[in-house]
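Q:
Residue numbers (my numbering), protein chains in the order written: chain B, 7 to 272; chain C, 165 to 805.
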């Protein structure tokens with residue numbers, strides 16, 4: 007049997023589920039009265055308080071500690087109920103924001119816990135290659151020798167000599183198969199940008215400018231990893247999820263908003 | 165009809181939320197969810213400083229949320245890793261350089277309190293009972309929070325003073341559950357972004373004890389993966405004391421075999437309570453207390469947005485570079501409920517606390533204040549910004565869209581006297597580690613091989629030992645330092661000779677040149693009195709900037725006040741020296757740490773003034789240029805017993 011198209015609409019699923027919940031809750035028996043002025047702390051409550059204490063401290067509370075925890079519980083309960091009675095929840099900007107945020111979260115929770123299929127992730131990688139180009143570039147491993155000079159002129163002059171010897175410095179003279187992210191941290195962004203423009207060869211190249219001066223560089227190897235699905239999987243899942251959450255929030259909001267008429271007076 | 169439809173749609177959203185709540189977070193692979201041991205190749209010795217922020221708040225912190233932050237832990241992690249994020253106030257932003265590690269330190273109390281509002285049963289009850297709540301709730305979705313400006317103003321200061329409205333307090337059990345729920349979710353997110361060798365996401369939170377508005381806050385930070393951290397929940401700060409926190413930490417380690425440490429911050433706002441000569445209750449300190457504290461708190465946060473805690477001019481009158489980030493913070497405690505007396509300063513600043521530690525060690529045999537130093541942000545925007553030219557404010561209420569933020573009074577923890585320009589842009593923590601994993605970064609903190617900066621990423625080394633010479637620089641001096649001496653955070657046994665030090669500072673490669681490197685020495689003299697001395701040991705252009713009257717002349721100032729620019733025509737890219745203590749006396753208990761100064765550069769206030777066309781007040785203008793700096797952890801010299 008072929009079901010009509012509308013049965014496959016997520017919105018229909020969404021509303022059907024809501025209807026079920028609505029009915030269940032409406033017929034769900036008597037609700038506790040929030041205005042009640044009785045606070046019972048029986049052995050069940052006490053056990054829960056003790057449990058949470060244990061969870062925090064990693065051991066059971068002593069009798070005295072438990073008494074204190076029960077007092078704190080009662081105090082909070084009393085003040086909380088009184089605050090509700092006084093309507094503190096209604097004029098509270100933080101409460102409002104929390105509830106709005108809760109709505110957003112409700113809309114996106116499904117995305118936060120979803121495990122996307124490999125197909126979905128591969129498609130995401132294909133659609134967003136720019137997200138992973140930077141990663142590959144930061145992971146590129148380079149090997150090079152370098153010498154630093156205080157001026158561009160002295161660097162150029164040194165290039166002509168057989169032996170390139172720079173100023174005394176704490177920067178390493180030789181670097182071996184090191185990720186570009188470490189090079190950038192140590193030599194700075196300007197130098198790293200210059201390095202990206204060089205191709206490996208046997209000769210000294212440069213000079214490249216940095217915060218430390220002018221560098222001659224002999225780049226002997228650069229190994230840029232291919233964007234590999236397996237090694238990128240976790241990043242892709244993170245990125246996919248971020249994008250999905252954003253989209254779902256927007257869809258949920260649009261659905262709700264469409265039920266409103268918004269009058270904005272200008 | 166329309167109303168019914170909307171009701172139904174919302175119930176659907178609820179249904180999805182409820183159903184998927186039980187699903188839990190997806191699992192990260194084991195190399196990401198563990199402590200990182202055996203995941204990457206490690207260097208033989210720590211080979212570079214890794215940069216991080218151990219003190220970042222997200223929308224899980226009740227005050228951050230109250231200030232308006234809408235970015236959560238995930239956005240915080242993406243931002244710290246260098247990705248572009250849209251700030252709460254709308255603009256896209258990015259760090260100029262990624263950080264290497266991050267501790268999201270949301271207030272532990274807030275975690276429970278805010279989640280109370282998510283307490284579905286009560287909420288369902290109201291709704292199902294058919295009162296006006298549902299309607300109000302829909303309205304809320306479409307109104308701007310700015311409408312209740314007055315309420316926000318009151319709530320912001322309430323949150324800052326930990327007078328969270330009682331309506332948000334939770335009953336104990338629900339709060340515990342909620343805290344656990346948020347904590348576990350957070351741990352899963354951390355695992356997903358924790359990538360050994362690339363970026364380290366450490367578990368942690370802020371323990372926010374503040375008796376009478378005096379700041380005793382600590383950031384709690386874990387070494388372990390989520391297999392262990394799931395076995396605990398954040399320890400509440402309200403109505404608990406530091407020794408209880410340490411007991412909680414001990415229990416965690418015994419139960420899980422894991423490791424945890426605590427990082428005190430803002431002693432400058434503690435009115436002398438952070439580093440007392442006694443225990444909290446005023447009784448004499450016991451060796452047990454001192455040992456527990458030293459074990460739990462190997463590092464303190466010495467500089468951050470809410471001021472700098474290295475030292476105060478009152479305590480260090482002969483230190484002409486003292487007083488950075490002091491103004492505006494030194495006249496009262498965090499909430500300004502109590503003014504500060506100068507007699508309180510010694511318990512509020514790092515240098516005097518290190519000195520007190522020597523005295524207490526002399527008396528008891530244990531030093532409770534043998535700590536290293538780091539910087540961090542304490543940003544409440546989910547954005548770990550420490551750079552002056554990219555400052556996103558203490559909280560969302562002073563992000564960049566609030567163009568006059570530098571000159572207006574700030575309500576954060578204060579009603580009067582503290583202005584926007586008193587806030588610093590925040591600092592960073594540097595950790596010398598053999599690789600970028602949870603275990604390696606944590607262990608660097610535990611052995612105090614860490615240092616503080618006020619934002620710039622200068623690379624600073626110090627090795628202490630006996631017999632280091634100038635010729636050590638010609639060979640592999642790092643190896644020599646590690647094999648025949650100790651790095652920052654280490655201890656030396658007095659052997660009857662003056663200790664010598666290999667000292668190296670390289671500028672932030674993308675930042676300003678260096679002015680000078682200073683050794684700060686603290687010691688107990690023969691009478692047991694606490695002494696301190698600042699030595700200029702190496703500075704730029706030493707052949708032309710000769711000492712006169714015992715002082716090194718100022719490095720100069722290239723900052724153009726009209727366009728917030730500076731040049732590196734002054735200062736040095738790199739400074740290093742071998743230094744031997746000229747005033748060594750055998751048997752004196754002492755510590756030595758470095759302070760590295762940059763040349764003057766614009767503060768965030770000057771960038772704001774230029775970008776937004778804001779006119780700074782005279783006071784603010786006088787403070788709009790500063791010499792940013794680094795403080796290393798000390799090396800201690802101990803009498804040979």
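Even glycine gets a Cβ: it sits at the ideal position worked out from N, Cα and C. Predicted model only: the values in this text are computed from it and were never measured.
1. Determine the direct distance from the alpha carbon of residue 699(C) to that of residue 753(C), and round the result to whole angstroms.
2. Which bits of chain C does residue 200(B) rub up against, with CB to CB less than 9 Å?
3. Should residue 514(C) and residue 460(C) be called a contact, given that it needs their Cβ atoms to be closer than 7 Å?
4. Please give me, in chain order, every unbroken run of the alpha helix (DSSP H) with length at least 4 that falls completely inside the segment 218-249 of chain C.
5. On the premise that residue 629(C) lies in contact with residue 653(C), defined as a C-beta separation below 8 Å, what is that separation, rounded to the nearest angstrom?
6. If we cut at 7 Å on Cβ distances, does residue 195(B) have a partner in chain C?
7. Looking at the strands, I want to know which residues DSSP matches up with residue 259(C).
8. Whose C-beta lies closer than 6 Å to the C-beta of residue 211(C) among residues of the same chain, with five residues either side of it excluded?
9. Between which residues of its own chain and residue 551(C) is the CB-CB distance below 6 Å, once the five residues before and five after are set aside?
10. Short of 8 Å Cβ to Cβ, which residues in the segment 644-674 of chain C face chain B?
11. Between the Cα of residue 389(C) and those of 428(C), 345(C), 193(C), spot the shortest distance and give me the residue it belongs to.
12. Any beta carbon of chain B sitting closer than 7 Å to that of residue 397(C)?
13. Any C-beta of chain B sitting closer than 7 Å to the C-beta of residue 256(C)?
14. Does any residue of chain C bring its CB to less than 7 Å from the CB of residue 216(B)?
15. At 8 Å on the CB atoms, spell out the chain B contacts of residue 196(C), in chain order.
16. Judging by CA-CA distance, which residue of 525(C), 531(C), 660(C) is the nearest neighbour of residue 750(C)?
17. CB residue 210(B) to CB residue 225(B), shorter than 7 Å?
18. Residue ranges of each alpha helix (DSSP H) run of no fewer than 4 residues wholly in the segment 523-550 of chain C, ordered along the chain?
19. Shortest alpha-carbon distance to residue 163(B) belongs to which of 213(B), 240(B), 79(B)?
20. Looking at the C-beta of residue 244(B), does it have a partner C-beta in chain C at a distance below 7 Å?
21. Taking CB distances under 7 Å as the criterion, tell me whether residue 183(B) reaches chain C.
22. Rounded to whole angstroms, what is the Cα-Cα separation between residue 761(C) and residue 511(C)?
23. Can you say whether residue 439(C) is buried or exposed, counting buried as having 16 or more other CB atoms within 10 angstroms of its CB?
24. Please list the partners that residue 248(B) has in chain C, where partner means a Cβ-to-Cβ separation under 9 Å.
25. Quick check on residue 296(C) - is its C-beta less than 7 Å from some C-beta in chain B?
26. Under 8 Å, with one C-beta from each stretch per pair, do the segment 675-688 of chain C and the segment 702-722 of chain C reach the 3-pair mark?
27. Out of curiosity, what's the CA-to-CA distance linking residue 615(C) and residue 371(C)?
28. Of all the residues that make up the segment 415-438 of chain C, which are near chain B by a beta-carbon distance shorter than 8 Å?
29. Which chain C residues are close to residue 175(B), counting only those with a beta carbon under 7 Å from its beta carbon?
30. Please decide whether residue 159(B) counts as near chain E, where near means a Cβ-Cβ distance under 7 Å.
31. Could you say if the segment 519-529 of chain C and the segment 771-784 of chain C meet the contact criterion of at least three C-beta pairs nearer than 8 Å?
32. Does the segment 355-373 of chain C come close enough to the segment 598-617 of chain C that 3 or more CB-CB pairs lie under 8 Å?
33. Between residue 80(B) and the rest of its own chain, which residues show a CB-CB distance below 8 Å, the 5 nearest in sequence each way excluded?
34. Helix, strand or coil for residue 456(C)? Go by DSSP, reduced to three states.
35. Kindly indicate which three-state DSSP category residue 145(B) falls into: helix, strand or coil?
36. Using a Cβ-Cβ distance cut-off of 7 Å, determine whether residue 4(B) contacts chain C.
A: A quick look at the data gives this:
1. If you take the alpha carbons of residue 753(C) and residue 699(C), they lie about 18 Å apart.
2. Here the premise fails: no neighbours, minimum Cβ distance about 12 Å.
3. For residue 514(C) and residue 460(C), no; Cβs fall outside 7 Å.
4. Within the segment 218-249 of chain C, the alpha helix (DSSP H) runs of at least 4 residues that lie entirely inside it are, in chain order, 226-231, 237-244.
5. The pair is not a contact, with the Cβ atoms about 14 Å apart (cut-off 8 Å).
6. Chain C contact via Cβ: present.
7. None; residue 259(C) has no bridge partner.
8. Cβ neighbours of residue 211(C) beyond the five flanking positions: none.
9. Excluding the 5 residues flanking it on each side, residue 551(C) has same chain C-beta neighbours closer than 6 Å at 619, in chain order.
10. Answer set for the segment 644-674 of chain C: 668, 670, 671, 672, 673, 674.
11. Of the listed residues, the one whose Cα sits closest to residue 389(C) is 193(C).
12. Residue 397(C) counts as touching chain B.
13. By this cut-off, residue 256(C) is not an interface position.
14. Yes, residue 216(B) lies at the interface with chain C (some Cβ there is under 7 Å from its Cβ).
15. The answer, in chain order, is 240.
16. Considering only alpha carbons, the answer is 660(C).
17. Against a cut-off of 7 Å, the Cβ pair of residue 225(B) and residue 210(B) comes out as no contact.
18. Annotation: the segment 523-550 of chain C contains no complete segment of the alpha helix (DSSP H) (minimum length 4 residues).
19. Of 213(B), 240(B), 79(B), the residue nearest in Cα terms is 213(B).
20. True, the Cβ-Cβ gap to chain C drops below 7 Å.
21. Interface flag for residue 183(B) against chain C is unset, since no Cβ pair is found closer than 7 Å.
22. Spanning the two alpha carbons is a distance of roughly 25 Å.
23. Around the Cβ of residue 439(C), a 10 Å sphere holds 16 or more other Cβ atoms; the residue is buried.
24. The contacting residues are 238, 239, 242.
25. With a pLDDT of 41 at residue 296(C), under the threshold of 50, the predicted position of this residue should be treated as unreliable, and no value is reported.
26. Taking a cut-off of 8 Å on C-beta distances, the segment 675-688 of chain C touches the segment 702-722 of chain C, as three or more cross pairs fall below it.
27. About 22 Å.
28. Correct list: 415, 416, 418, 419.
29. Near residue 175(B) (Cβ distances below 7 Å), the residues of chain C are 738.
30. Considering every chain present, this structure includes no chain E. Its protein chains are B and C.
31. The segment 519-529 of chain C vs the segment 771-784 of chain C: no contact.
32. With the cut-off at 8 Å, the segment 598-617 of chain C and the segment 355-373 of chain C touch.
33. These residues qualify, in order along the chain: 45, 47.
34. Here residue 456(C) carries a helix assignment [DSSP, helix/strand/coil].
35. Here residue 145(B) sits in helix by DSSP.
36. Because chain B in this structure spans residues 7 to 272, residue 4(B) falls outside the shown range and cannot be described.
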